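A short write-up of the structure that comes next.
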Amino acid sequence: MTDCEEGEGGPNSQGDGHPKESSPFINSSAATDAEKSQQYDGKNMALFEEEMDTSPMVSSLLSSLANYSNLPTGSKEHEEAENNEEGARPSKKPVKAPQLGTLMGVYLPCIQNIFGVILFLRMTWMVGIGGVFGSFIIVFMCCSTTMLTAISMSAIATNGVVPAGGSYYMISRSLGPEFGGAVGICFYLGTTFAGAMYILGCIEILLIYIIPQAAIFKIEGLEGPEAEAALLNNMRVYGTLVLSLMALVVFVGVKYVNKLALVFLACVILSILAVYAGVIKTAVDPPVFPVCLLGNRTLLSKAYDVCAKVIEIDNETVTTKLWSSFCDSDSLNATCDDYFANNNVTEIQGIPGVTSGILAKNLFGNYLEKGVIIEKRGLASDADPDSPPTSSNRYVLADITSFFTLLVGIYFPSVTGIMAGSNRSGDLRDAQKSIPIGTIAAITTTSTVYMSCVVLFGACIEGVVLRDKFGEGVNGNLVIGTLAWPSPWVIVIGSFFSTCGAGLQSLTGAPRLLQAISRDGIIPFLRVFGHGKANGEPTWALLLTASICEIGIIIASLDAVAPILSMFFLMCYMFVNLACALQTLLRTPNWRPRFKFYHWALSFLGMSLCLSLMFICSWYYAIVAMGIATCIYKYIEFCGAEKEWGDGIRGISLSAARFALMRLEEGPPHTKNWRPQILVLVSVDAEQNVEQPRLISLTNQLKAGKGLTIVGTSVQGTFLDNYAEAQRADQSLRKLMETEKVKGFSQVVISSNLRDGTSHLIQIGGLGGLKHNTVMVSWPRNWKQPEYHQQFRNFIETVRETTVASLALLVPKNIAAYPSNGERFTEGHIDVWWIVHDGGMLMLLPFLLRQNKVWRKCKMRIFTVAQMDDNSIQMKKDLITFLYHLRIDAAVEVVEMHDGDISAYTYEKTLVMEQRSQILKQMHLTKNEMEREIQSITDSSRGSIRRKNPPGMRSQHSAEEGASLAEKPEDEVQLIHNKNASTPTSPTSPTSPAGPAGAAATWTDNKGADKGTALLSPGPEAGKDFFNMKPEWENLNQIDVRRMHTAMRLNEVITKKSKEAKLVLLNMPGPPKNRVGNENYMEFLEVLTEGLNRVLLVRGGGREVITIYS
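This is the structure:
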């Protein structure tokens, strides 16, 4: 801070030529920062000015806090990224704010990712095989899993700003790098195999429904395994070609993929609407899609031209193509297949319509073995049970053996894609609002569509058509297409484009995910994939993605690939649920999701469902997927805890504890994991009972953060003589902690004096990385009484030591009035007076208190102080924005405190304080100190005489004055950067113009008028102010006057606003740098908190303890 007030010796004003000495209250390291002095200046904030360089005024900081990209989060990743991209922060260019809302940013991308190939290619088949009832259970189970996962994901995503990286970012930051890496790789593999599945779906539509003649390996004339092999080979060849083409498109430019996304989405929505339109039409006018049955067996469309054995043409009976298929000649007396001869041919309607009552027949499942003929249930059939079916190539056959768990594995990929919104969080206008609403709305929409489709398919379509996977009985039409209106081609073309789009999206997203994992550097051998083109496109990652995708293409069967990606997605979702459940149960202070509708039980249910579905789908795939995840986890961890089996469980506990402590030693905790680890300093009476038991109650109420608690006290004496007393004190502490249900440790130190004992506790408490970061000490109650003089000196030394050790400090005043753990506040407010920013402790503490039953019903209010030059309306907006990003619900008020006149009462109060502190000091002066005191006063008088010399003579005295000052011990003389000493501000004139001596640095011994305190003679312009001053006021130290003014003005506004508050939290001003002002410091704090019932004075530990990031 500079030592010039606005209007009183600014940067251009003329000084006296003397160097500015260091002040006990003002940090001289910032003496050149003229800009800061203008921001923080004014008598109103004099009490906090000494630490303005480390704890700036909130009013000056709010605009940067509200803009979260500039927030000092303690989040290394974001800071480094921003520094690398933009250079130094002050020169950072304003970036265009993201504009995507809930609909375009979350809802539609989720819809596009969830609806996909399975709905069009396998949904009807699943209903036919599993029945409406079984399929509904599958859909409900899968949709419930994704809904529960979405609830967990919404909680994590709204717990701060989630940069791009989606689920990987959320899990790795919630569960650590090992889990994050394992799940990130699982999610990456799932997305990559999803790309393979979409490409296979695309090829299936192309080769079976659009242009079958394009097949390289001809299927015509082939039967059984040969036909199947030919189809798979076609899939492999075309799949590889399409994959190469898509990879090229992604490599050339992602912008094209993003531009086409809406086109592909429109195709999907139109296709689904076409299905619903078709369903409505079936009620009025069912479409004509005849299916030919021989007995109860479904015939291939290509096996007949007319659904009859013989037809009449010109009164002549002629055999049909169907006859030729089953008989050895076209003649009527030819030898025919027994089944053909014994059963009639019937033609049934493939789509009877929604009013036909077919639903009752499709309710239950009909699982088939591979190669079994698809038959209509309830239709008479004359067949020899012992003889194998002949001419099976004329019938529609089941291509795979089906069972319930297979259907689950094939269906589950159609509900994945719920992460699409969270992956785009960087592009959203308000991610914390959009992600939960958009994702849950998308899942609700898609689940409704899926469930209604299950019922409607069962109600509209004949069972044999449903079980006909490739539509071989309905002229090779896509089964869902037969239902669509106005034409089956709407669905065929729509689903083709939708699978193309989804494949491109997968090939776009997967390499970016791999690049994010690689750049985190947690899996060393993947680091090469973090590099890319100059514009950041992940070239190497795309190459690896295409290679893995090719594995899926080589598998070639959609039904075989779907369960693989189901595994990886299920594992990813399982860990999202686990992350949410653990965060909720551990109650980390940073766990403050804006989305409130979550519960750890829901997350556990979601996790259990995911695990169950993994083993339901395919137990061997599940084991392989978990094996991959475990290997990655162990690889990242690399050197885990050494095993020490010892005496069973205790040996494991010891080993785990040691391992955990060693891990804690690796560095300070991330801001997100910061929680108050409290050292509670209590005093004990002669019987070794705790004098302030409510301190322990308050500690318990603050322990929503579940951190470490050490309750410490010191016993006066020697270790040999007083060990038994110390043991009694320890037992007393333990008993009290047990009563108050505080989980932690007690520590008793024996020392020759209590001051040193407290200092030792602050220095040595804790073990390794498990150390306290916060000290709680009670306010010394009767500090004004002479017998308690040492007590308040000890208190101030404790404040100094916590400052030096960078520990946070909590000082509850009037601790006896604090509630016990049994009390409950049914209403009221916790008021936070946020004056200087010291790391966010003031925000975190009320949040933790409100987790406790005692304070749960209290509302939180945050007050901050605006000075003359501050825009209070903008401050309020910025503060609301900042709190929104912090996920803290609180009412906000900005209190305007303009520089007012220093009242006569303030001068009187300061005079009484200084006289009192002088008496106290005299009581403790030794003979030697008396002599030094007289010398100090003499020097003080000489210094004053020098300052009365004309300006021209000042420079020659400066060296001599400096030398005289160098001889003075710190405790003797208080050196002041005195802003007002030359022109003490009168009650009528708050800002007087500076004369030639306007910026003169005066130093006084702060002992009162009777001790010969020198005051500089005022300049001619300022002289008129002294007509209103009492003679004894003139000798007051003006710095102290201003501090008293700050304390009184602040107390006035705090009392006015927070008189009825259940608790007031307030920034605690720093102690004087030297020990001269100790008594005054206590007086300032007393005045500051006067008239308030419960006050918690708070000092930060010099680091950020609260962050907006997830």
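If you count by this note's numbering, then the sequence shown holds residues 185 to 1294, one letter each, in order.
Each residue gets a CB set at the ideal place from its N, CA and C atoms; glycine is no exception.
Every value quoted in this text rests on a predicted model; they were computed, and no experiment measured them.
DSSP places residue 1015 in the uninterrupted beta strand (DSSP E) bounded by 1013 to 1018. For residue 615, the closest C-alpha among the options 912, 291 and 479 is that of 291.
For the pair residue 469 and residue 462, the Cα-to-Cα distance works out to about 10 Å. Assignment of residue 965 by DSSP, reduced to helix, strand and coil, places it in the coil class. Secondary structure at residue 699: helix, using DSSP grouped into helix, strand and coil.
Residue 542 counts as buried, since at least 16 other C-beta atoms from the protein chains shown sit within 10 angstroms of its C-beta. Restricting attention to beta strand (DSSP E) runs no shorter than 3 residues, the region 889 to 919 encloses them at 893 to 900, ordered along the chain.
Inter-residue distance for residue 921 and residue 989 is about 26 Å (C-alpha atoms, whole angstroms). In this structure, the beta-carbon distance from residue 382 to residue 687 falls below 8 Å. Between the region 1237 to 1254 and the region 1270 to 1290 there are three or more inter-stretch CB-CB distances shorter than 8 Å, so the stretches are counted as touching. Distance from the CA of residue 576 to the CA of residue 720, rounded to the nearest whole angstrom, comes to 57 Å. Shown here, residue 1280 sits in a strand according to DSSP, grouped into three states. Residue 369 counts as buried, since no fewer than 16 other beta carbons sit within 10 angstroms of its beta carbon. Per the coordinates, the alpha-carbon of residue 519 lies some 18 Å from the alpha-carbon of residue 568. Around the beta carbon of residue 544, fewer than 16 other beta carbons lie within 10 angstroms, which makes this residue exposed.
About 5 Å separates the beta carbon of residue 787 from that of residue 336, a gap short enough to meet the 8 Å contact definition.
Boundaries of the alpha helix (DSSP H) around residue 801: 784 to 801. Counting only the Cα atoms, residue 1241 lies some 9 Å from residue 1015. Excluding five sequence positions before and after residue 622, the CB atoms of its chain that fall closer than 6 Å to its own CB belong to 286, 290, 291 and 605, given in chain order. Between residue 618 and residue 457, the alpha-carbon positions lie close to 26 Å from each other. Counted as a single uninterrupted DSSP element, the stretch harbouring residue 752 is not any beta strand (DSSP E) but the alpha helix (DSSP H) occupying residues 742 to 770.
Where residue 1043 is concerned, there is no enclosing alpha helix (DSSP H), although the beta strand (DSSP E) around it starts and stops at 1043 to 1050. The alpha helix (DSSP H) runs of length 4 or more contained entirely in the region 1218 to 1257 are, from start to end of the chain, 1222 to 1242. Here DSSP, grouped into helix, strand and coil, assigns residue 241 to strand. Around the C-beta of residue 1082, fewer than 16 other C-beta atoms lie within 10 Å, and the residue is accordingly described as exposed. Nearest to residue 510 by alpha-carbon distance, out of 498, 497, 484 and 500, is 484. Per the C-alpha coordinates, the member of 1039, 516, 885 and 589 positioned closest to residue 322 is 589. In the structure shown, the three-state DSSP call for residue 1038 is coil.
Residue 963 and residue 996 do touch by the CB rule: their CB atoms are close to 7 Å apart, below 8 Å.
Its Cα nearest to that of residue 853, the residue 360 stands out among 700, 334, 360 and 307.
In the structure shown, residue 503 falls within a strand segment according to DSSP collapsed to helix, strand and coil.
In the three-state DSSP reduction, residue 886 falls in the coil class, being neither helix nor strand.
When DSSP reads this structure, residue 958 sits in a beta bridge with 862 and 992. Residue 1077 is bridged by DSSP to 1047. Excluding residues up to 5 positions away in sequence, 934 lie with their Cβ nearer than 8 Å to the Cβ of residue 907 in the same chain. In the three-state reduction of the DSSP assignment, residue 982 falls in the helix class.
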